[in-house]
Every structure is written in structure tokens, then in C-alpha cells.
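Following my numbering, the numbering of the sequence shown begins with 2 at its first residue and continues without gaps.
Where is the CB? At the ideal position from N, CA and C, for every residue including glycine.
From a predicted model like this one, the values you see are computed outputs, not experimental measurements.
Below is one structure, written out as C-alpha cells, with a few remarks after it.
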Amino acid sequence: MSGMTRLTILGIETSCDETAAAVLRLEDGKATILSEIVRSQVEDHAPYGGVVPEIAARAHADIADRVVATALDESGLSLDEIDGIAATSGPGLIGGVMVGMMTGKAMALASGKPFIPVNHLEGHALSPRLAEDCPFPYLLLLVSGGHCQFIEVRGLGDYTRLGTTIDDAAGEAFDKLAKLLHLGFPGGPAVERTAKSGDPTRYKLPRPLLDRPGLDMSFAGLKTAAARIIEAGELSEQDTADLCASYQAAIADCLSARADRAMAGFDGKRLVVAGGVAANGAIRTALNDVAASHGATLIAPPLRHCTDNAAMIALAGAERLAAGAVPDNAMAFAARPRWPLDEARALADPAYGGGKRGAKA
Ligand code: KG4
Ligand code: ZN
2 MSGMTRLTIL GIETSCDETA AAVLRLEDGK ATILSEIVRS QVEDHAPYGG
52 VVPEIAARAH ADIADRVVAT ALDESGLSLD EIDGIAATSG PGLIGGVMVG
102 MMTGKAMALA SGKPFIPVNH LEGHALSPRL AEDCPFPYLL LLVSGGHCQF
152 IEVRGLGDYT RLGTTIDDAA GEAFDKLAKL LHLGFPGGPA VERTAKSGDP
202 TRYKLPRPLL DRPGLDMSFA GLKTAAARII EAGELSEQDT ADLCASYQAA
252 IADCLSARAD RAMAGFDGKR LVVAGGVAAN GAIRTALNDV AASHGATLIA
302 PPLRHCTDNA AMIALAGAER LAAGAVPDNA MAFAARPRWP LDEARALADP
352 AYGGGKRGAK A
């Protein structure tokens, strides 16, 4: 595949509650997005306060073909002009993953183009490279509704997970507080909005694991502590704002203390934050301070590339095709509900977990 300097890839993403497709061109290492469609199912899941897998799978099946056709149409290209079709093949909610993967495989079969199974986490890991000149290596904090992990990204396929949450993801913690306070779903933006008029020092909430070595995190205790405060008596509007602000501050402290430790042991000069929680202003500010204190730069992709999208999947597919790093027999690749990024380590250590926690990936 070397010598091929220009690749155009169709990417498909259906692993959680976004149905997305994108056409991306990779030319001499530079990515250009030719088209990009994201259809969120957030309204389908809002009544339940979280993503319901069966509803997600059905919604993906209903619209995946149309989303893909629209992305192709808007790119101005025909399937003939595409060099490969990449689809998220795990980790994630298996019904949705299968819908996207089958759509991609069917198009690959019909057009004779290669199919490229992509690890959703690799998409997030490479997402800063969609917009910026973001050379390897960098330290990635992937912080979403399903993930909260530090990953050292040294090159394509060269990832080391340095630490992870041992229970809830940070986005999940935001969502759970919002549910307790009836602020709506998704919870993160609602909690951030409510926190604006609150006092972050008002409630003393736990910062779990911070007294321990390593880079693991824990957020379940935070939710329990908040639940106890809520159960203790009626909260005024001000109390609610103070609780949101205190809760957000606790999460920001946990993330930035860990980021600080991670940067201290890292030889690169870039800290990247990706995932839906990267939208949070208090967290961005805290991480920005950490990066600065290590003489490093914080890179936060634009929000549409922080949350689930297909451009990052197309990019991962393009980089893999360009490097000749597509799995053998890709058409027979089976969808994987769990698929850790650094599989070698995961295989060596069964306690490592599968790369996915919580309902979202
Ligand atoms: O990356 P994402 O769209 O989906 C996955 O989890 O894969 O992330 C969604 C998560 C939700 O938990 C949502 O509450 C959280 O990101 N989130 C936020 C904010 N915006 C979204 N959390 C805190 N502050 C925000 N402004
Ligand atoms: Zn994701």
C-alpha cells in the first residue's frame, strides 16, 4: 500500500446512539473531510434517562442506509471513487455495531472495495488528527459517557492504556447526578448549566483514589455522596446549583490530578482530551492548567469530533489502509462488544477489562 498517497474512505459509526457516516480523504498524511452526517437518537432515549440498546439498534437499522447515502451524495463522489469502507466493529452496543458493520460489508461486497473494521476507541484516539497537526506521541484522556481512560498514543496501532475508571465513566457520573436532580438527559450539559450559579466549595464531596499511586479513577462514590445529600432534605434552587458546582469541581479535580501525574511520566508535549465530557468548560480549564504546568499544549478537538462521529472512523480506516494494517479476512470480522485498544496487555492481564464500561462507548 506504500506509494499510495491519496485515499478516500467512507466511514460508518453506529456503536452507541449516533448514526453517522462521513467521507474523508487522506492525502500525504493530511485529512480532509468531504462530507459528514451525524443523526443523534438522544430524543429516543431521553424518556429513559439513558441509552436503551434495543431502541438504539432499531433506530440505526431504520436510518443507516439513508445516512450513508446522504454522506456519499454530499461528498460529490460515487462509490466507485471510494478506496475503502470503514465501519466501527466494536466496542459498543452489539446490535448497533452489527447494523453499521453489515451496511459497510454489503457496500464493500457490492463495489469490490476493501472493508476495514475499525475499533471505535482508535477512532477517538486519532480524532485530534482530523483538524490539527497533531503528530505522535500524545497523551489522550478519553472521557465520555462510556469511557474514562488515559491512553498513550505513540503511533497507529501503538497504544498503551495507562489508567481507567474502576467503576463509572465521568460522563456517566454527570448523567447520574442529572437523573437524581431531574435535570434531563444527557446530564453533562444540564449539570454544567446549573453549576454556573453555584458555589463549588459548598459541599465536600469525595475525590476517590487520589491518595493512591497509579492512574485509575473512580466516580461511583461521588454519585452515592450526592444521593445522600439529595435524600437528606428538599434542596433549594441555590442548593441544587451548589451541588452541581461541587460535583463538577470534584470530577475536574480527579481528572486533572490524574492528568498531572500522567504528564509527569510522559515524554511528549501534547495532552489531548476527547469524548463528550471534553465539552465541559471547568474540566477544560483544569486540564489546560495541567498541560501548561508541564510545558505542554492541551488539544481539544472541536465538539463534533469529541463526541461520536464517523469522520474519526474514516480517518482510522484511511490510516490503516495506507499502512497496510487492515486485519486479514476483514469481511469475516465479527462485531465485538468488547475490544480493548492495547489488546496485548489486556490478554496478559485478565483483570484489565474489555475497554468498555457503562452503556455508552
Ligand atoms: O462522547 P459522547 O457523546 O458519547 C459517548 O459516551 O460515547 O459523550 C456523552 C457524554 C454524556 O455522558 C454527557 O453527559 C457528557 O458526555 N457530556 C458532558 C457535557 N456534554 C456532554 N459532561 C459534562 N459537561 C458537559 N458540558
Ligand atoms: Zn465514543
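Under DSSP, the beta-bridge partners assigned to D159 are G156. Note that the C-beta distance between E193 and G266 is not below 8 Å. Between D343 and Y160 a beta carbon distance of about 5 Å is seen, short of the 8 Å cut, so the two are scored as contacting. Cα atoms of H121 and D240: separation of roughly 39 Å, rounded to the nearest angstrom. In this structure, DSSP gives Y204 a state outside helix and strand, which the three-state scheme calls coil. Secondary structure at T71: helix, using DSSP grouped into helix, strand and coil. Beta-carbon to beta-carbon, A336 and M102 are separated by about 5 Å, close enough to satisfy the 8 Å threshold. For E133, the secondary structure class from DSSP, reduced to helix, strand or coil, is coil. Within the chosen limit of 7 Å, the ligand KG4 does not reach the beta carbon of V43 with any heavy atom.
In the three-state scheme derived from DSSP, where H, G and I count as helix and E and B as strand, I83 is classed as coil. Each residue's CA atom was taken as its position, placing S76 and G124 some 20 Å apart. Using a cutoff of 7 Å, the CB of H125 counts as near the ligand ZN, since one of the ligand's heavy atoms is closer than that. When DSSP states are grouped into helix, strand and coil, T15 belongs to the coil group. For G222, the CB contacts under 7 Å within the same chain, skipping 5 residues up- and downstream, are P207, P209 in chain order. Take S112, set aside five residues on each side of it, and the residues of its chain with a beta-carbon closer than 6 Å to its own are L80, in chain order. For D176, the closest of I284, Q249, L256, E238 by C-alpha to C-alpha distance is Q249. The alpha helix (DSSP H) runs lying completely inside the segment 166-238 and spanning 4 residues or more are 171-181, 188-196, 221-232, given in chain order.
Here the alpha carbon of C307 sits roughly 14 Å from the alpha carbon of A171.
Three or more beta-carbon pairs drawn from the segment 123-141 and the segment 286-303 are found closer than 8 Å, and the two stretches are therefore classed as touching. In this structure, DSSP gives T104 a helical state, which the three-state scheme calls helix.
Per DSSP, the unbroken alpha helix (DSSP H) holding A292 starts and ends at 282-294.
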